[in-house]
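Novice:
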Amino acid sequence: MIVAEAAGTGVTLVTIDRQERRNAVDLDAVTALGDQLEAALAAGTRVVVLNGAGGHFCAGADLAGVEQDVFVGALNRTLGLLREPALVTMAAISGACLGAGTQFAVCCDLRVATSGASIGVPAAKLGLAVDHETIRRLAAFAGEGTARAMLLAADELDGTAAHRTGLVQRLGDLDAALAWAGSIAELAPLTIAAHKLGLERAGGRADDPDVDAARRRAWSSDDLQEGLAAFRERRPPHFRGT
444 MIVAEAAGTG VTLVTIDRQE RRNAVDLDAV TALGDQLEAA LAAGTRVVVL NGAGGHFCAG
504 ADLAGVEQDV FVGALNRTLG LLREPALVTM AAISGACLGA GTQFAVCCDL RVATSGASIG
564 VPAAKLGLAV DHETIRRLAA FAGEGTARAM LLAADELDGT AAHRTGLVQR LGDLDAALAW
624 AGSIAELAPL TIAAHKLGLE RAGGRADDPD VDAARRRAWS SDDLQEGLAA FRERRPPHFR
684 GT
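Take a look at the structure:
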């Protein structure tokens, strides 16, 4: 249902595999996805690439027989783990990326999509409403005008249009996403964690103590000394996250 595998040094590929439902997620799948993200954090994974099996990313939520509050609680846990500063999370999008799939995608840091992908939030066709964090992130990444069309008119974007708006950073397939993830995994993890935390809290106070502490950890790290030494010696750095 949810499969995790190593995909290079520091990279974990997590695959939603419910192909009979175009990878729509039920309570068990959402819970298992959260569990795999927690396992990746515990293992020191630097980059998680999330994708769907069989040509679709995730066609939404499969709510049959599930109490709303229980499902939403599990979903919010998983979305929060995708935003965890210690991980870079990347969505490799193809086919349908709808509803909960779009929620997963916008909670990832980076998005790679095929040109033929279909990204949308069809909640208005069902009578549902998504959480405020999804709305905020969609507006921030795609632009408020595009977000309004997606949320109020249930418009969908193909991968090319999503790339044009900035919602998707790169066009490409899973191999392209994994190659990008591999290059990111070679960068300084404490720097990335500090920057991600700063981005997540960009709308808050300018003197956020947690953001400042993360910045100080990077500046006082062994990795900084390694980066400076590698620059002087004209060699690739080997960052350890310490």
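Convert by adding 443 to the 1-based position in the sequence shown; the result is the number in this note's numbering.
The beta-carbon is built from N, C-alpha and C at its ideal position, and this holds for glycine as well.
These figures come from a predicted structure and were not determined experimentally.
Is there contact here, the region 517 to 536 with the region 548 to 558, by at least three beta-carbon pairs under 8 Å?
Specialist: yes
Novice: What does DSSP give as the partner residue(s) for Ser-537 in the beta ladder?
Specialist: Here residue 537 refers to the residue found at position 94 of the sequence shown. Answer by DSSP bridge pairing: none, since Ser-537 is not bridged.
Novice: Output yes or no for whether 9 Å exceeds the beta carbon distance between Ala-556 and Gly-495.
Specialist: Numbered from its first residue, the sequence shown carries residue 556 at position 113. Numbered from its first residue, the sequence shown carries residue 495 at position 52. Cβ atoms of Ala-556 and Gly-495: not closer than 9 Å.
Novice: Helix or strand or just coil, what does DSSP make of Glu-643?
Specialist: For the purposes of this step, residue 643 is identified with residue 200 of the sequence shown, where counting begins at 1. Helix.
Novice: Buried or exposed: Ser-663, going by 16 or more other Cβ atoms within 10 Å of its Cβ?
Specialist: In the sequence shown, counting from the first residue as 1, residue 663 sits at position 220. Answer is exposed; the Cβ neighbour count stays below 16.
Novice: Out of Ala-637, Ala-449, Leu-493 and Phe-500, which one is the CA nearest neighbour of Gly-559?
Specialist: Residue numbering aside, residue 559 sits at position 116 when the sequence shown is read from its first letter. The residue with the shortest Cα to Cα distance from Gly-559 is Phe-500.
Novice: Please state the DSSP three-state secondary structure of Thr-685.
Specialist: For the purposes of this step, residue 685 is taken as the residue at position 242 of the sequence shown. Here Thr-685 sits in coil by DSSP.
Novice: Ignoring anything shorter than 4 residues, give me the alpha helix (DSSP H) runs that lie fully in the region 494 to 536, in order along the chain.
Specialist: Counting only runs of 4 or more, we get 511 to 525.
Novice: If Asp-512 sits next to Val-531, beta carbons under 8 Å apart, how far is it from one beta carbon to the other, in whole angstroms?
Specialist: In the sequence shown, the residue the question calls residue 512 occupies position 69. In the sequence shown, the residue the question calls residue 531 occupies position 88. No, Asp-512 and Val-531 are not in contact; Cβ-Cβ is about 31 Å, not under 8 Å.
Novice: Which residues in the same chain as Asp-692 place their Cβ atom closer than 7 Å to its Cβ, once the five residues preceding and following it in sequence are excluded?
Specialist: Limits of the chain in this structure are 444 at one end and 685 at the other, which puts residue 692 out of reach.
Novice: So what's Val-611 in DSSP terms, helix, strand or just coil?
Specialist: Translated into the one-based positions of the sequence shown, residue 611 becomes position 168. If DSSP states are grouped into helix, strand and coil, Val-611 belongs with coil.
Novice: Who are the Cβ neighbours of Leu-600 in its own chain at under 8 Å, not counting the five residues just before and after it?
Specialist: The residue you call residue 600 lines up with position 157 of the sequence shown. Hits under 8 Å: Ser-561, Ile-562, Gly-563, Ala-585, Thr-589, Met-593, Thr-608 and Leu-610.
Novice: Tell me which residues share the same chain as Leu-621 and place their Cβ nearer than 8 Å to its Cβ, disregarding the 5 neighbours each side in the sequence.
Specialist: Here residue 621 refers to the residue found at position 178 when the sequence shown is read from its first residue. Answer for Leu-621: Ala-450, Gly-451, Val-454, Leu-456, Val-492 and Ala-535, listed in chain order.
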